[in-house]
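Each number in the working numbering corresponds to the 1-based position in the sequence shown with 37 added.
All C-beta atoms in this analysis are idealised placements derived from N, C-alpha and C, irrespective of residue type, glycine included.
Since the model is a prediction, treat every value here as computed from it, not as a measurement.
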Amino acid sequence: MAEKIHYGIVGTNRLAIKFVEALKESSKGEAVANFGHDYKKAQQLAQELAIPKTYENLESLFNDDSIDIVYLAIKNEDHYESAKAALEAGKNVLLEKPFTRHKVGAQELFLLAQQKNLFIMESQSALFLPIIEKAKQVIDEGVIGEVSFIDIQENYDTTDKKEWFKKLSAGGGAFINGGTSPIGLIQYLTGKDVTEWNGFEFNDVGEADTRCNLALKADDVLANIIIATEFDLETKIVVYGTKGRLEIPDYWESKTAFLKAADGTSKKFIADNQQSEIVHEINHINDILANNELKSTIVTPELTMHTMTIIESMYQRWYGDPLN
């Protein structure tokens with residue numbers, strides 16, 4: 038593989054822009070080509086972000102031999118077909134969450150990648166944040182004692198998703214779009230699988246959920262997830278242990294976590310090397326590909342499949358037809 042990992046960018050939305058900007062902070066990766074269904078918009082974006090090539094069709098990008106991996110920041114309903122086409126063309130894939138709308142399709146993608154000796158991963162950038170890594174270290178060292186409860190609040194921004202977000206058929210919904218990271222964080226911080234779950238959602242008749250509240254159990258740890266799109270909810274994580282609690286306000290952006298011990302004392306932890314959350318994920322992927330490895334040790338296929346099982350089962354309960 039080349040000295041730098043070459044990325045093909047599929048999409049022209051806010052996520053695609055943020056990803057390319059994060060690539061520029063990475064010493065081992067660079068964007069070499071892009072594609073968007075609006076060709077002129079893709080060209081303009083390539084010019085602004087110094088991407089050398091823009092393709093008029095997706096097949097041409099997938100067949101570009103200079104590209105090592107494609108990043109798919111596209112409509113949810115197109116995730117499965119586009120990822121499958123990329124794998125069939127021999128490309129490694131980083132697929133934005135939610136991985137697919139159905140876990141059957143997800144399993145097919147993992148099997149196809151395995152057959153072709155290719156890498157495919159769901160983007161879960163929250164798991165690579167230095168402040169989350171620091172929190173896990175504090176938890177593993179027993180500083181707050183045995184973890185008993187985790188509370189996660191997520192204010193999910195739908196600014197650029199208004200047209201499709203309330204349509205189940207388009208992959209809309211607060212839980213399917215915002216639930217992946219909190220579920221992943223619970224399992225990453227505790228090192229335990231979520232074994233039981235239940236919850237409630239709110240939606241207007243005929244539309245996808247706009248807010249939801251989930252109760253989960255990971256072995257002996259209880260957890261709560263609230264995801265909101267219609268009101269200003271404070272995004273944060275609070276981990277309660279037998280000797281105190283650890284609070285991470287605005288965990289996507291924060292460099293700081295606060296430890297509050299049972300005796301009333303408090304301490305602040307700082308992650309000095311915090312960058313855009315995507316940079317740390319990109320560095321992880323670059324190392325995997327540079328070492329000719331095929332799986333992440335953090336965002337494993339098993340983690341993605343289990344998270345999808347939880348999400349799909351809740352939509353079955355809520356709507357009677359999973360994500361159709």
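Is there at least one non-hydrogen atom of the ligand MG closer than 7 Å to the beta-carbon of Y225? Ligands displayed in this structure: none; no statement on the ligand MG is therefore possible.
CA-to-CA distance, E159 to K78, given in whole angstroms: 26 Å
Neighbourhood of L360 by C-beta, 7 Å cutoff - its chain only, sequence neighbours within 5 removed: Residue placement at L360 is flagged as unreliable, the pLDDT there being 48, under the threshold of 50; the coordinate-derived value follows with that caveat. For L360, where only same-chain residues beyond five positions count, the Cβ hits under 7 Å are R138, H139, L205, I213, E349 and Y352.
Give the DSSP bridge partners of T91, in chain order. N71
C-alpha gap between Y288 and K254, whole angstroms: 22 Å
CB-CB under 8 Å to K112, same chain, minus the five flanking residues each way: which ones, in chain order? W201, A207 and G208
With DSSP run on the structure shown, which of helix, strand or coil describes H43? strand
My parser needs the alpha helix (DSSP H) runs of 4 or more residues fully inside the region 184-261; what are they? 211-215 and 217-227
Nearest-angstrom Cα separation, counted from A87 out to S64: 16 Å
Cutoff 7 Å; reference E183; Cβ partners in own chain excluding five residues on either side: Within the same chain, E183 has close Cβ partners G278 and T279.
DSSP puts E284 in a beta bridge; with which residues? Assignment of beta-bridge partners to E284 by DSSP yields V275 and F295.
Give the single residue among E133, I325, E267 and H74 whose Cα lies nearest to the Cα of Y193. E267
With a threshold of 16 other CB atoms inside 10 Å of the CB of A299, please say whether the residue is buried or exposed. exposed
Which one or two residues does DSSP pair with Y108 in a beta bridge? Paired residue(s): I46 and L131.
Can you tell me whether DSSP reads I169 as helix, strand or coil? helix
Tell me whether S97 sits in a helix, a strand or coil according to DSSP, three-state version. helix
Pick helix, strand or coil for E159, following the three-state DSSP scheme. Three-state result, E159: strand.
With C-beta atoms as the reference, is L340 less than 8 Å away from L155? no
In this structure, does DSSP put A79 in helix, strand or coil? helix
Whole-angstrom distance between N129 and T337, CA atom to CA atom: Our two residues, T337 and N129, have alpha carbons roughly 15 Å apart in a direct line.
How far does the alpha helix (DSSP H) with K61 in it reach, from first residue to last? R51 to K61
In three-state terms, what does DSSP make of F147? helix
Cα-Cα separation between C249 and K273, rounded to whole angstroms: 16 Å
I181, DSSP secondary structure in three states: coil
Assess, as a yes-or-no matter, whether the region 70-77 is touched by the region 162-169 under the definition of 3 or more beta carbon pairs within less than 8 Å. no
If I follow the unbroken alpha helix (DSSP H) through S119, where does it start and stop? In the DSSP assignment, S119 falls within the unbroken alpha helix (DSSP H) covering H116 to E125.
D101: which of E85, E58 and K90 sits nearest, CA to CA? K90
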